[in-house]
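Since the structure comes first, as structure tokens, the remarks are kept for the end.
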Amino acid sequence: MRAGLLQLNVSDDPEANLPLTLSLLDEAVGEGAGFVLTPEVTNCLSASRTRQQEVLRPESEDITLAGLREAAAKHGIWLLIGSLALKTDDPDGRFANRSFLIDPAGGIVARYDKIHMFDVTVSKVETYRESAGYRPGEAAVLAETPFGKIGMTICYDIRFPYLYRGLAGAGADILTIPAAFSPVTGAAHWEPLLRARAIENGAYVLAPAQCGQHASARGKQRSTYGHTMAVAPWGEVLADAGETPGVTLINLDKEAIARARARVPSLSHDRPYGDPR
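For the sequence shown, the numbering used here assigns the number 544 to the initial residue and increments by one for each residue that follows.
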């Protein structure tokens, strides 16, 4: 399977973002991709809850989901929508950060809501409280495709290795980690964490990302790290997209998964142990 990872620089205007995303999707398909992946918050990246309330929609009304499902069906491809910010019925008015796997007929095969919320203080001037605006998911998701089983995760999940161990133990061949990573934490941790998740589990890691400074109609602008990456099951970085929007293409080889897991069969070496004292 040839995979095309899209690196985006979306604004807080979903209607303006969709044509740009579709253009890159068309480019990936034109280069032979049968599996296309987009980053976290493909529809809208905003630091303003007011702006999000204005432009976000429930899943059933989201134009990005509808447009990308139509594109998947048009091209006959598998599509991972890294995530969409969506309105929910949460009593606190919080949104969902939800990833979708779309089949070649445009059907939704799987949904995954981001479990781990990015509530951090990176510096005195850079803080995030994702849980204030988004409700966390509660379940890991493994999806089956003809080219392998996919363990679906999102961004900050990357720092919780037991999630990936559970997915790999359940059969995941490919771990997807779409992101909108902070430039500070990205420079320090992005590549080491991606490689670690691949090496620990003998799985492909596919991580399409947001990049650059994001245009905003309200509130402060956000910046993201970029560097969309694909990592092989043995830990080699197969591609790094740098800091500008575009398409990154790689070929997935199931035999590479088998070889890595045969050389170091750590998935079969897990042992129960007591809690530390």
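Heads up, the beta-carbon is just placed ideally off N, CA and C, and yes, glycines get one too. Source: prediction; values computed, not measured.
Identified DSSP bridge partners for residue i
i: PHE643; result: ILE624 and ARG654
i: LYS789; result: The residue asked about is misnamed: residue 789 is Gly in this sequence, not Lys. DSSP lists GLN550 as partners of GLY789.
i: ASN794; result: ARG545
i: GLN756; result: SER766
i: THR670; result: THR664
i: PRO601; result: LYS630
Boundaries of the alpha helix (DSSP H) in which residue i is found, first to last residue
i: SER674; result: 673 to 676
i: ARG802; result: 797 to 806
i: ILE606; result: 606 to 618
i: ASP569; result: 557 to 573
i: ALA711; result: 704 to 712
Secondary structure of residue i, DSSP reduced to three states
i: GLN764; result: coil
i: ILE697; result: coil
i: ASN744; result: helix
i: THR593; result: helix
i: GLY577; result: coil
i: ALA588; result: It should be pointed out that residue 588 corresponds to Leu in this sequence rather than to Ala. Of the three classes helix, strand and coil, the one that applies to LEU588 here is coil, per DSSP.
i: THR688; result: strand
Opening and closing residue of the beta strand (DSSP E) in which residue i lies
i: GLN550; result: 545 to 550
i: PRO782; result: The sequence as given places Ala at residue 782; Pro does not occur at that position. Start and end: 780 to 783.
i: THR719; result: 717 to 719
Short Cβ contact (7 angstroms threshold) for residue i with residue j
i: GLN595; j: SER589; result: yes
i: ALA764; j: LEU551; result: Reading off the sequence, residue 764 comes out as Gln, not Ala. No; because the gap between Cβ atoms is not below 7 angstroms, this pair is not in contact.
i: GLY691; j: ILE651; result: no
i: ILE720; j: ALA546; result: no
Residue from the options whose Cα sits closest to the Cα of residue i
i: MET772; options: GLN756, HIS732, HIS757 and ALA803; result: HIS732
i: ASP796; options: ALA739, GLN753, GLY619 and GLY745; result: GLY745
i: GLN756; options: GLU786, ALA750 and THR728; result: GLU786
i: ASP555; options: LEU565, SER591, THR581 and PRO582; result: SER591
i: ARG600; options: ALA775, ALA801, GLY714 and ARG637; result: ARG637
i: LEU737; options: ALA614, ALA686 and ILE701; result: ILE701
i: ASP662; options: LEU629, ASP633, VAL668 and TYR699; result: TYR699
i: THR584; options: PRO557, GLY577, ALA730 and GLY610; result: As written in the sequence, residue 584 is Val, which differs from the Thr given in the question. Comparing Cα-Cα distances from VAL584 to each of PRO557, GLY577, ALA730 and GLY610, the minimum goes to PRO557.
i: ALA758; options: LEU548, ALA559, MET544 and LEU549; result: ALA559
i: LYS657; options: ILE800, GLY694, ALA803 and GLU574; result: GLY694
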